[in-house]
Amino acid sequence: MGLFDNEQSAEIPSLSEFRGSGTLVEGRPAPGGTSIEELPDLSGDLALYIGGGEGGIYYDFVEMLQNIYPDFTVHSSSNSSSSLAQTIVEEVDAGATEADVFWSIDASSLGFVADNDAYEPLSDAATGPVGNSQFVGDDSAWAGIAGRARAVPYNTNELSASDIPSTVQEFPETSALQGTMGWAPTYGAFKSFVTAMRLIEGEDAARQWLVDMREAGTERYGNEFDVSQSVADEELTAGFANHYYAMRVKNGRPDAPIDLAFTEGDAGALINVAGAMKVKGTQRGELVDNFVRHLLSAEAQEFFATVSFAYPMISGVSPVGGLPTIDELSPPDIDLAELSNLEPTLDLMDDAGVSG
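Okay, so the sequence shown: first residue is 177 according to our numbering, each after it adds one.
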């Protein structure tokens, strides 16, 4: 009997328990993909390093897994993804590995661990559900769990989608946007965006773009949710932010005059991912693989899509609120692991006068 049939398994919650609430979630079909009930049971202890701002939402799902599997216990340590990545490398180098699995909010931290040979490859069964090879690390070092797309939230009372340029390089010269935009330069997602621009366009072009946008009067905010809120409040006409902040605004305020535009093939179209990897030296490799398979189950992907409004990593689950699917977006052809090289980005942001 399937999980979503009328007679539910006593061990696995109903679909509603895996689904968020709000106007963007109403009327969604049951998710496709592999159900938890089709996977091997989780059993034993697992040491999890979990990092980043979405860690609380992610751990909510971990707690659900522990409720489903009474013999499964997760011992977690949380901090920023970059700090945990450094800790993992140091522990592996010292031969004192404490973590079995690293779940990071961003691919750059996963790339740092991989570059320092502090991982073991995930199994094909663990990485197989990911629908796009760009969201699996080289040598199966990590698997993407949830995606976030760079986007341009804009106020629909002031602009239409056709007013938004197709590349971010055109923004400084677009008169309708000068002095009316917002950004959050100290935010980690923005730094990853600038890193992508540096890798694609070169350091000089990235530095000049920052200078041009600053001189065009782009307003500074502390985080990208505030940027999106200010667009909805008509304090800004547009901004730079991860896609899910606008979705959170819309979910709570369905009539808010905000929509999203996406650039094409450039840093402004970057899709970054939270992901999971097996830490080198773990004695629980099979359990890690099975755990990652659960994170890519139909229920998990529905949870991440409807609670945090992240992009699903499997084809059977749709993004919320009429968002274009990942296949309909045009992200740049970039190795996400290269986003770990952040130091040159911080230097050029400082040179451009937009650093923290």
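Just so it is clear, CB atoms sit at the ideal spot from N, CA and C, and this is done for glycine as well.
State buried or exposed for residue i, treating a residue as buried only when at least 16 other CB atoms are found within 10 Å of its CB.
| i | result |
| --- | --- |
| V530 | buried |
| G178 | With a pLDDT of 43 at G178, under the threshold of 50, the predicted position of this residue should be treated as unreliable, though the coordinate-derived value follows. The residue is exposed, with fewer than 16 neighbouring Cβ atoms inside 10 Å. |
| F365 | At residue 365 the sequence reads Ala, which differs from the Phe that was named. Burial call: buried. |
| S190 | exposed |
| R396 | exposed |
| E349 | exposed |
| S484 | buried |
| D465 | buried |
| S473 | buried |
| Q459 | exposed |
| A414 | buried |
| E193 | exposed |
| E462 | exposed |
| D435 | buried |
| E475 | buried |
| H419 | buried |
| H251 | exposed |
| E202 | exposed |
| D181 | The predicted model places D181 with a pLDDT of 44, which falls under 50 and marks its position as unreliable; any figure quoted below should be read in that light. Exposed, because fewer than 16 other Cβ atoms sit within 10 Å of the Cβ of D181. |
| D276 | buried |
| E183 | Any reading at E183 is ruled out, since the residue's pLDDT is 39, under 50, leaving its predicted position unreliable. |
Could you say which of the options lies nearest to residue i if we only look at CA atoms?
| i | options | result |
| --- | --- | --- |
| A261 | A223, G271, S280 | S280 |
| G358 | G393, L200, G198 | G393 |
| R390 | E514, A528, E519 | A528 |
| A327 | G203, Q384, P507 | P507 |
| E266 | A294, V250, P341, D315 | A294 |
| I510 | P361, N255, Q310, M423 | Q310 |
| E411 | L353, W385, E202 | L353 |
| A481 | V277, G323, I447 | G323 |
| A307 | D315, G355, S299, G320 | At residue 307 the sequence reads Gly, which differs from the Ala that was named. Closest by alpha carbon: G320. |
| F119 | V268, N292, V238 | Because residue 119 is not part of the residues shown, which for the chain are 177 to 532, the question remains open. |
| E519 | L375, L298, V387, S342 | L375 |
| P361 | G227, V403, S252 | V403 |
| D431 | Q405, I340, V493 | Q405 |
| M453 | V312, P305, R195 | V312 |
| G227 | E214, I212, D269, F278 | F278 |
| S342 | G196, T439, L200 | T439 |
| D409 | P433, E214, L512, A301 | P433 |
| E400 | L471, G209, A325, L386 | A325 |
Specify the secondary structure class of residue i as computed by DSSP and reduced to three states.
| i | result |
| --- | --- |
| S280 | strand |
| W359 | strand |
| M525 | helix |
| E301 | Checking the displayed sequence, the identity of residue 301 turns out to be Ala instead of Glu. A301 falls in the helix class under three-state DSSP. |
| A270 | coil |
| N243 | helix |
| D181 | Confidence is the limiting factor: at D181 the pLDDT is only 44, short of 50, which leaves the residue's position unreliable and the question unanswerable from this model. |
| Y234 | helix |
| E395 | strand |
| A513 | helix |
| G415 | strand |
| E346 | helix |
| V312 | strand |
| E296 | strand |
Taking the continuous alpha helix (DSSP H) assigned at residue i, which residues delimit it?
| i | result |
| --- | --- |
| L505 | That residue, L505, is in no alpha helix (DSSP H); it is neither H nor E in DSSP. |
| M423 | 419-428 |
| N466 | 461-471 |
| V407 | 400-408 |
| K367 | 364-377 |
| A452 | Taken as a continuous stretch (DSSP letters only), A452 belongs to no alpha helix (DSSP H), being part of the beta strand (DSSP E) at 447-455. |
| F480 | No alpha helix (DSSP H) holds F480; DSSP gives it neither H nor E. |
Which two residues bound the contiguous beta strand (DSSP E) that contains residue i?
| i | result |
| --- | --- |
| I434 | 434-437 |
| S531 | Counting along the chain, S531 falls outside any beta strand (DSSP E), and DSSP gives it neither H nor E. |
| A327 | 319-331 |
| F248 | 248-255 |
| A223 | 220-227 |
Should the segment 286-298 be called in touch with the segment 432-446, which here means at least 3 C-beta pairs below 8 Å?
-> no
Report yes or no: do three or more beta-carbon pairs, one from the segment 359-376 and one from the segment 331-342, lie closer than 8 Å?
-> no
Inspect the CB distances between the segment 235-249 and the segment 211-218 and report whether three or more fall short of 8 Å.
-> yes
Could you tell me whether the segment 374-394 touches the segment 508-526, where touching means 3 or more Cβ pairs closer than 8 Å?
-> yes
Between the segment 336-350 and the segment 417-426, are three or more C-beta pairs nearer than 8 Å?
-> no
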